[in-house]
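Novice: Residue numbering for the sequence shown follows our numbering, beginning at 487 and increasing consecutively.
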Amino acid sequence: MSHRKVRLGQINEKNRQKAENPMMPITTEQQSRAAGTTLRNPSLPWVQASLSLSMLMPSLDTSIANAGLPALAQAFGASFQAVQWIVLAYLLAITTLIVSAGRFGDILGRRRVLMAGISLFTAASVLCGAAPTLWFLIAARALQGLGAAIMLALTLASVGETVPKDKTGSTMGLLGTMSAIGTTLGPSLGGLFIAGPGWRWIFLINLPLGLANLYLAQRHLPAGSSRSACSLDARREAKPGWSTFDTRGTLLLALTLAAYALSMTLGHGHFGSLNLALLGAATAGTALFVRVEARAASPLIRLELFRNPLLSAGLAMSAIVSTVLMSTLVVGPFYLARALGLNAALVGVVLSIGPLVAALAGVPAGRIVDLLGPRRTTLAGLSGIAAGCLLLSMLPSTLGIAGYLAPIVCVTASYALFQAANNTAVVTGTLPAQRGLTSGLLSLSRNLGLITGASVMGAIFAGASSTTAIAVANPQALAVGMRFTFGVAAALVAGALAIALLARPAAAGDPTRHAPCGDSPHCPAR
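1) To the nearest angstrom, how far is the alpha carbon of residue 620 from that of residue 564?
2) So, is residue 777 buried or exposed, given that buried needs 16 or more other C-beta atoms within 10 angstroms?
3) Buried or exposed: where does residue 544 fall if 16 or more other Cβ atoms within 10 Å of its Cβ makes it buried?
4) Identify, in the order they occur along the chain, each residue of the same chain with its Cβ nearer than 6 Å to the Cβ of residue 736, setting aside the five sequence neighbours on each side.
5) I need the straight-line Cα distance from residue 674 to residue 692, nearest angstrom please.
6) Would you please state the rounded distance, in angstroms, between the beta carbons of residue 623 and residue 572? I believe it to be under 8 Å.
7) Mind checking residue 835: buried by the 16 CB within 10 Å criterion, or exposed?
8) Look up residue 869 in the DSSP assignment and say whether it is helix, strand or coil.
9) If distances are taken between C-alpha atoms only, which option among 969, 535, 987, 932 comes closest to residue 577?
10) Would the C-beta of residue 653 count as close to the ligand GDP, meaning under 7 Å from any of its heavy atoms?
11) So residue 935 and residue 816 are supposed to be a Cβ contact under 8 Å. How far apart are they, rounded?
12) Specify, as a first and last residue, the run of the alpha helix (DSSP H) that residue 825 falls within.
13) So, are the CB atoms of residue 690 and residue 612 less than 8 Å apart?
14) Within the same chain, show all residues whose beta-carbon is closer than 8 Å to that of residue 762, passing over the 5 residues directly before and after it, in chain order.
15) Taking only the alpha-carbon atoms, compute the straight-line gap between residue 706 and residue 963 and give it to the nearest angstrom.
16) Could you tell me which of 982, 615, 588 sits nearest to residue 809, measuring between CA atoms?
17) If you reduce the DSSP assignment to three classes, tell me which class residue 787 lands in.
18) Is the stretch 896-914 touching the stretch 864-876, taking contact as three or more C-beta pairs under 8 Å?
19) Quick check on DSSP: helix, strand or coil for residue 617?
20) Unbroken beta strand (DSSP E) runs of length 3 or more, entirely within the stretch 579-666: which are they?
21) Alpha carbons only, please: which of 789, 822, 686 is nearest the one belonging to residue 888?
22) Taking 7 Å as the limit between beta carbons, can you name the residues of its chain near residue 845, skipping five residues before and five after?
23) Applying the criterion that 16 or more other CB atoms from any shown protein chain within 10 Å of the CB defines a buried residue, is residue 532 buried or exposed?
24) Just to confirm before moving on: does the CB-CB distance between residue 575 and residue 688 stay below 8 Å?
25) Leaving aside the five residues before and after residue 661 along the sequence, list all residues of the same chain whose C-beta is less than 8 Å from its C-beta, in chain order.
26) Measure the Cβ-Cβ separation of residue 911 and residue 971 and say whether it is below 8 Å.
27) In angstroms with no decimal places, state the Cα-to-Cα distance between residue 700 and residue 977.
28) With DSSP collapsed to three states, give me the class of residue 683.
29) Tell me the rounded alpha-carbon separation between residue 626 and residue 604.
30) Quick check: what's the CA-CA separation for residue 873 versus residue 597?
31) Locate the alpha helix (DSSP H) running through residue 765, then write down its first and last residues.
32) Under three-state DSSP, which class holds residue 838?
33) In the structure shown, what three-state DSSP assignment does residue 742 receive?
34) What's the C-alpha gap between residue 811 and residue 855?
35) For the alpha helix (DSSP H) that contains residue 971, what are its first and last residues?
Encoded structure:
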């Protein structure tokens, strides 16, 4: 009994001290309670399984619908140009909304918003599978793209919150593997569904995957972490900045990105007056967005973040490498079919080898990042990509399939190395409170690179081949076009290498190294 009285006396004494000193540090449990979160002790394999599914599902749906376009055109009695919007609506939704999705995760809690994204993606997939008309399907695909944007942005952001620091690189490598598996598996899985139960199962396959993902996220992802929680006083002072959302900035960024994406995709690489007008609108929108964000009380993107050299360099390198990687998918099919004379089935097999190599290299690449560090691994990855592109720029057609595949394997394996290292450096180099936004920017840079690669590098290939009709160009012209295109790609990667070499972490006392949590000066930069 006396022991109980002593214990009660100790508790009362602590409460008295806290009342006299309200700035007394609070415990991890109190921080979590103040943030409205629950700390857990998650099992790393189950956390990785949940994050892997959240990366696999959007990646799978990026490519699975492509295989179904002919069947969808026949089912709805529509033109090829009309059914292309099934793919375009999905990509546009991801591109325009991915930054805002990351910001919402920072404000409302990443697990909560991630689960909302999984639910939206799954529900939209069911709507796609039940679509009675083409335009209903296109609208449902746009909703699916919104869910995909949330999943892509918050999956990367959640790594820093749920995975131990010494396992971050290997987890990023695993996510890279899942992304490559989804992209690789999509066309073949789509073909199987079309040949079997029908095109609707291209989308309905996401129902069991989504339900499993929701269960794993609810069961194993922590609702919050003490690393992202500030003191009670900091949260009170930061509340006005976090409770208001930059609506003007969000809408302006979405419209600007939509204008850019449309300028790059409409006309299939042939720039007309509409493309130029959209590109001009995107340029004007960017300038206006910067002006609005500089004056906003709680901006969507804090412009001072870009004074962090690691973040700016990581985003620039991601966009450049994605542009180059898309060149292999733009140039490869025409070179293999026309210059090497392969049939369609063999072209598909050869094209799948690159993504397969990236998928197999993902996990080992992540372990190399944990061992050597992000900077050295980034340089190694970029050097490998540059070497592969240089070999392709000098490739004689007489070497055949083996001569083409050897540099492609070098490029894709090195891409897995670069992606794991760059994602790790960018996500872990920012504050926990900003990781959703940062991951959204990282995914945005990759998506813009893919869009730019498909249009600009495709136009370079067509121009270098000295023909406007690539499908019927002679083999020699296509070989020349391929070599020139990868020469340009090698120069771009050399530029990315220069950025990597010049980028240095901000000094420890630099206030731009870590922006404050919310708008409060009381939340320490960690």
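We put the beta carbon where it would ideally sit given N, CA and C, even for glycine.
Just so we're clear, the structure is a prediction, and the values are computed from it rather than from any experiment.
Specialist: In short:
1) Rounded to whole angstroms, residue 620 and residue 564 show a C-alpha spacing of 8 Å.
2) Label assigned to residue 777: exposed.
3) With 16 or more other CB atoms across the displayed protein chains lying within 10 angstroms of its CB, residue 544 is buried.
4) Apart from sequence neighbours up to five positions away, the residues of its chain that approach residue 736 with a beta-carbon distance below 6 Å are 586, 786, ordered along the chain.
5) Roughly 16 Å separates the two Cα atoms.
6) Going by Cβ atoms, the distance from residue 623 to residue 572 rounds to 6 Å, so yes, they are a contact pair.
7) By the neighbour-count criterion, in which 16 or more other beta carbons inside 10 Å mark a residue as buried, residue 835 falls on the exposed side.
8) In the structure shown, residue 869 falls within a helical segment according to DSSP collapsed to helix, strand and coil.
9) Residue 932 is the option with its Cα nearest to residue 577.
10) The ligand GDP is not part of this structure, which contains no ligands at all.
11) Wrong, their Cβ atoms sit about 13 Å apart, outside the cutoff.
12) Taken as a continuous stretch (DSSP letters only), residue 825 belongs to no alpha helix (DSSP H), as it is neither H nor E.
13) Against a cut-off of 8 Å, the Cβ pair of residue 612 and residue 690 comes out as a contact.
14) Scanning its chain for C-beta atoms nearer than 8 Å, with the 5 sequence neighbours on each side dropped, one finds around residue 762 the residues 749, in chain order.
15) Each residue's alpha carbon lies about 55 Å from the other.
16) Nearest C-alpha to residue 809: 982.
17) Coil.
18) Counting Cβ pairs under 8 Å, three or more are found: they touch.
19) Three-state DSSP puts residue 617 in coil, outside helix and strand.
20) DSSP runs (the beta strand (DSSP E)) wholly in the stretch 579-666: none.
21) Comparing Cα-Cα distances from residue 888 to each of 789, 822, 686, the minimum goes to 822.
22) Within the same chain, Cβ atoms closer than 7 Å to the Cβ of residue 845 are found at 663, 666, 667, 670, the five residues on either side in sequence being excluded.
23) Around the C-beta of residue 532, fewer than 16 other C-beta atoms lie within 10 Å, and the residue is accordingly described as exposed.
24) No, these two residues do not count as a Cβ contact at 8 Å.
25) Taken in chain order, the residues that qualify are 537, 538, 541, 641, 642, 645, 848, 909.
26) It is not a contact, given that the beta carbons lie outside the stated cut-off.
27) Here the C-alpha atom of residue 700 lies approximately 44 Å from the C-alpha atom of residue 977.
28) The three-state reading of DSSP puts residue 683 in coil, since its state is none of H, G, I, E or B.
29) Computed Cα separation, rounded: 15 Å.
30) C-alpha separation (whole angstroms): 40 Å.
31) For residue 765, the enclosing alpha helix (DSSP H) covers residues 759-781.
32) Here residue 838 sits in helix by DSSP.
33) When secondary structure is reduced to three states using DSSP, residue 742 falls in the helix class.
34) When rounded, the distance between both Cα atoms is 21 Å.
35) Under the DSSP assignment, residue 971 falls in the alpha helix (DSSP H) whose first and last residues are 961-988.
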